[in-house]
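When you read off a place in the sequence shown, starting at 1, and then add 47, the result is the number in our numbering. Cβ coordinates follow ideal geometry from the N, Cα and C atoms, glycine included.
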Amino acid sequence: MGDARTELEHDFLDNAKSFNWPAVKSMLEETPDLINAQPSMRWSALHQAAYEGNAEMASFLLEKGADPHSQTRSGQTPAEVAKSKDVRQAIEASTESDAAEEPPKKKAKRMPNYNLNINSAVDKEYEGSSLTDIVAAPTSALQGVAAKGREVLKKFKVHTIGDLGSWKFYRISKAILGLSALEQKDKREEGAALNINKAMDKKHETKSLAEILELPPSALQGLAGWADAELAKVGVTTIAKLGDWKYAKWSEWISELAKFENTDFSSL
């Protein structure tokens with residue numbers, strides 16, 4: 048997912064998902080062929096305008112060449128996710144002239160009647176995706192991360208939900224947080240060999256786990272001072288908060304369960 052074009056397409060669709068239409072227009076002016084971008088079968092910009100109920104923007108996108116027949120992973124067209132009659136009419140009007148040439152709509156594959164979902168963790172456009180696809184999705188696919196959070200994480204080379212779930216600094220922080228509950232204050236045995244020196248900056252090596260949790264993320268070996276200001280933008284100001292950051296935890300859980308997913312719904 049890391050190539051520049053895919054990143055650009057995700058940036059474009061994140062703006063559409065946030066209904067940041069000035070940014071969408073600006074990106075289309077610079078790169079017109081983004082109009083029908085759908086990396087990882089994401090909702091197109093036209094789907095998002097339709098979902099918002101924005102007839103004016105839907106018409107603009109159609110004029111720029113948006114495909115009214117584009118489909119989501121579950122087979123929905125922009126007209127089918129539209130929240131207003133005006134939007135549906137605008138889309139339907141654009142298809143009248145080529146109705147005879149309209150490709151037959153793909154039938155959504157009939158799935159077993161499962162009930163499990165993670166709808167409270169992912170944005171609407173990912174509710175029909177597999178766990179495997181969600182692992183490969185940008186971090187902004189998580190509800191609450193949005194474009195701002197994604198931009199912060201990109202600075203740490205964390206691009207996908209899979210990247211976030213396995214991010215070294217989250218995993219170290221999580222381990223420190225978990226083991227801190229098992230630490231006995233001032234009870235270290237004399238001559239004990241236990242240490243986490245490879246994880247901490249030298250000046251913090253002798254601190255207790257409880258003390259380490261109160262330090263800023265940059266106390267971890269490998270995170271520079273600038274990391275603190277960036278992570279503070281997403282509410283992470285200490286090692287304890289990084290180890291308990293819900294978006295990283297969600298990502299880890301999704302990544303773990305994805306290992307047990309069968310694309311063909313078989314039981315083995």
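- For K232, there is no enclosing alpha helix (DSSP H), since its DSSP letter is neither H nor E.
- Unbroken alpha helix (DSSP H) stretches of 4 residues or longer found wholly inside the stretch 73 to 108: 92 to 99, given in chain order.
- Taking the C-beta atoms as reference points, A102 is found nearer than 7 Å to A137.
- Excluding sequence positions up to five before and after N164, its CB lies within less than 8 Å of the CB of E174, all in the same chain and listed in chain order.
- Inclusion of E99 and F59 in the CB contact set at 7 Å is not warranted, their separation being larger than that value.
- Taking C-alpha positions only, L224 is separated from E127 by approximately 46 Å.
- Between the beta-carbon of E308 and that of T179 there is about 6 Å, and that keeps the pair under the 8 Å contact cut.
- With respect to A193, S87 sits apart: the two C-beta atoms are not nearer than 7 Å.
- Within the DSSP secondary-structure output, L189 pairs in a beta bridge with V169.
- Per DSSP, the beta bridge partners of L267 are M247.
- Distance between V169 and V182, taken at the CA atoms: about 11 Å.
- Here DSSP, grouped into helix, strand and coil, assigns T142 to helix.
- Residue pairing from DSSP leaves T310 without any beta-bridge partner.
- Taken through DSSP and simplified to helix, strand or coil, T207 comes out as strand.
- Here DSSP, grouped into helix, strand and coil, assigns K288 to helix.
- Per the coordinates, the alpha-carbon of E198 lies some 29 Å from the alpha-carbon of K130.
- If the five residues before and after K195 are omitted, its C-beta is found closer than 8 Å to the C-beta atoms of K280, V281, all from its own chain and listed in chain order.
- Here L75 is near K111, since their CB atoms are less than 7 Å apart.
- Between S302 and G238, the gap from beta carbon to beta carbon reaches 7 Å or more.
- Of the residues assessed, S313 falls on the exposed side of the cut-off, its CB having fewer than 16 other CB atoms within 10 angstroms.
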